[in-house]
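Below: one structure, written as structure tokens.
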Amino acid sequence: MLPDFVLRILLLVLGYLYPAFECFKIVESNRGDNEQLRFWCQYWIIVAILTAFERIGDIFVSWLPLYSELKLSFVIYLWNSNTKGTTYVYETLLKPFVRGHETEIDQRFSELAARSGDLIKNYVQNAADKGQSMFLEIMQFIMVPSSRKTKSNQKMDPLKRAEAVFGPDPIFTGGGDQARRTDDGRSRLRRSSK
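Remember, the working numbering sits 115 above the position in the sequence shown when you count from 1.
Below you can see the structure in the form of structure tokens.
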């Protein structure tokens, strides 16, 4: 068994780079070899479908022994000129299935495209609304600095601040001991005489 990273590199090279290079040679050649072009188009259709289902399927079957090796072998089987695996898989499995369900598949893709458009439109609208409200908050923060500075820079008597936050203290209202600030800035208790 080969290490996983080696298998991934081999799969990229043999499953994507080599077939892409072969397609490039066919497309750029001056000869109009439609059979070769058809073969590579069929290969890429199969690989695209496998890649799409692989994301879900790997969760369930990747734990099998030699799974990565089998996947690599299948990709080589597809493009190898001796096996003609692409032609076999395409003509016997894929083509009959897609032909039988073509209208349903087409309809599902149309629905998916419409839903995706609506979803993107909603996300863009929500992002614009949040961006606009954030922009307005920032502008308000920038435009009204004088009121923040004067309130934060003013030193408020701790007793007045507590009274402003919590309301008047019931013990100190109506007599009893009351705190009073002296000239040196310390609070002292004073007995009220009744």
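Every residue gets a Cβ at the ideal spot worked out from N, C-alpha and C, and that includes glycine.
A quick note: this is a predicted structure, and the numbers were derived from the prediction, not measured.
DSSP, reduced to helix, strand and coil, places Trp155 within a helical segment of the structure shown. With fewer than 16 other CB atoms across the displayed protein chains lying within 10 angstroms of its CB, Ser177 is exposed. Apart from the 5 residues on each side of it in sequence, Gly200 sits with its Cβ closer than 6 angstroms to the Cβ of Tyr192 and Leu193 in its chain, given in chain order. Here the alpha carbon of Tyr131 sits roughly 16 angstroms from the alpha carbon of Glu184. For Asn145, the three-state secondary structure derived from DSSP is coil. Close CB contacts of Leu126 within its chain, under the 8 angstroms cut and outside five residues either way in sequence, are with Ser183, Lys186, Leu187 and Val190 (chain order).
In the three-state reduction of the DSSP assignment, Leu125 falls in the helix class, which pools H, G and I. Using a Cβ distance threshold of 9 angstroms, Val142 and Leu152 count as a contacting pair.
Our two residues, Ala242 and Glu150, have alpha carbons roughly 49 angstroms apart in a direct line. For Tyr203, the enclosing alpha helix (DSSP H) has its first and last residue at Gly200 to Val204. Considered as a whole, the segment 174 to 234 harbours 182 to 194 and 200 to 204 as its complete alpha helix (DSSP H) runs of no fewer than 4 residues, in chain order. By the neighbour-count definition (other C-beta atoms within 10 Å, threshold 16), Phe154 is a buried residue. Between the C-alpha atoms of Ile253 and Leu165 there is a straight-line separation of about 49 angstroms.
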